[in-house]
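Chemist: Before I ask anything, let me first share the structure, which is written out below as structure tokens.
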Amino acid sequence: MLAEKKEDRFKILLADDGSEHAEAASRLVGDLPLPAGSEITVLRAFASTQAGDLAPLEYALNQTCARLHEKGLPVKAELLLGSPAEKIVEYAATYQPDLIVVGAKGLRATFGILLGGVAQQVVEYACCPVLVVRAPYTSLKRFLLVTDGSSSSRQAAQYLGKFPLPGEPRLEVMHVLPPPPIHMALENATFGSLQVAAPEQVLEMESALRAKEEGDGQALLDATVKSLQNLGLAAGGVLKRGDAATEIIEHVREQKIDLIVTGSRGLSQIRSWLMGSVSRKLVHYSGCSVLVVRSRQASGK
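Next comes the structure, spelled out in structure tokens:
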């Protein structure tokens, strides 16, 4: 049985555009066991060309709010004129939510892509954690926290400790070791003053390096699992070796993971996307929902 977590009010900004992914996002939010005092703001942005006929937009927005009201959740609606990504980021900067929830693709997304432009920009520029939801949504049961030992990964673990997880979640922590070194068979020879190691010496060094990496990786997993236990979450560790994004995505597919949780390095003052390359690949290509955890300090806000 999981230890009871401290219940803090949780503020959510839910982006709505009427797409199937946005509907999946609203259903996911509706399933979260939010603590008392929490609040949800449903935001929809519209273009100037739509300003003359707002009734359908207001109706759709109210329908989303009504579905959440039926779950007993406190909801308010915001209908804003402007670019969706820009308005979401701007509103979040003022509202200071604990989480932004956005569908992976909007109504006008190009067929075949896994991440739409609005979701990508929100992940890139938002001042707080962003949950990118992919349809179809059924439930949140299997979670995978990705860690590389960085401060961003530690922030992601801490955030997961206060995230309102539904039911009895199955939680794994995964760390991926670097690919093994390319073995080069070397002859035992001397070039001037440089002594080249014999093949058996190379194998011994490679074996020692692998053993150290595996020991360090397992220690990182154990420490992360323990930190989650201290936060009231039971978790198991998964240690892999290879290309990080490839190994994670394959594990997600095999284990039918519902949500990946990953840290982000955030933005610099030049506002370029400095999210780690692994996190970026997971958001684009994992095929499941992804929670990107960034501190407000990391975003420069």
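Numbered by this note's numbering, the letters in the sequence shown go through residues 774 to 1074 in order.
Where is the CB? At the ideal position from N, CA and C, for every residue including glycine.
Nothing here was measured: the structure is a model prediction, and the numbers come from that model.
1. Can you name, in chain order, every residue of its own chain whose Cβ lies under 7 Å from the Cβ of I813, other than the five neighbours on each side?
2. May I ask you to report which of helix, strand or coil DSSP gives L1006?
3. Please report how far the alpha carbon of M957 lies from the alpha carbon of L976, in whole angstroms.
4. From this set, E1027, Q893, T867, which residue's C-alpha is nearest A877's C-alpha?
5. Helix, strand or coil for G791 per DSSP?
6. Around the C-beta of G825, are 16 or more other C-beta atoms found within 10 angstroms, so that it is buried, or is it exposed?
7. Kindly indicate the opening and closing residues of the alpha helix (DSSP H) around A818.
8. Is it buried or exposed for G988, if we count other Cβ within 10 angstroms and need 16 for buried?
9. With 8 Å set as the bound, which would you pick, yes or no: does the beta-carbon of Q928 sit closer than that to a beta-carbon of chain D?
10. For Y868 and S856, I'd like the C-alpha separation in whole angstroms.
11. Roughly how many whole angstroms lie between the Cα atoms of R943 and L1055?
12. In the DSSP assignment, find the unbroken beta strand (DSSP E) run with A809 in it and report its ends.
13. Can you tell me the Cβ-Cβ gap for L913 and P939, rounded? I've got them flagged as a contact below 8 Å.
14. On the DSSP letters alone, give me the boundaries of the beta strand (DSSP E) that A850 sits inside.
Modeler: Checking against the coordinates, here is how it stands:
1. I785, L787, V802, L841, L846, P847, V848
2. coil
3. With a pLDDT of only 47 at M957, under 50, the local geometry of the prediction cannot be trusted, and the value read off the model is given with reservation. Their Cα atoms are separated by approximately 9 Å.
4. Q893
5. coil
6. exposed
7. That residue, A818, is in no alpha helix (DSSP H); its beta strand (DSSP E) goes 812-819.
8. exposed
9. Annotation note: the requested chain D is absent from the structure, which comprises a single protein chain.
10. 18 Å
11. 20 Å
12. Premise fails: A809 is in no beta strand (DSSP E) and is neither H nor E.
13. 5 Å
14. 848-854
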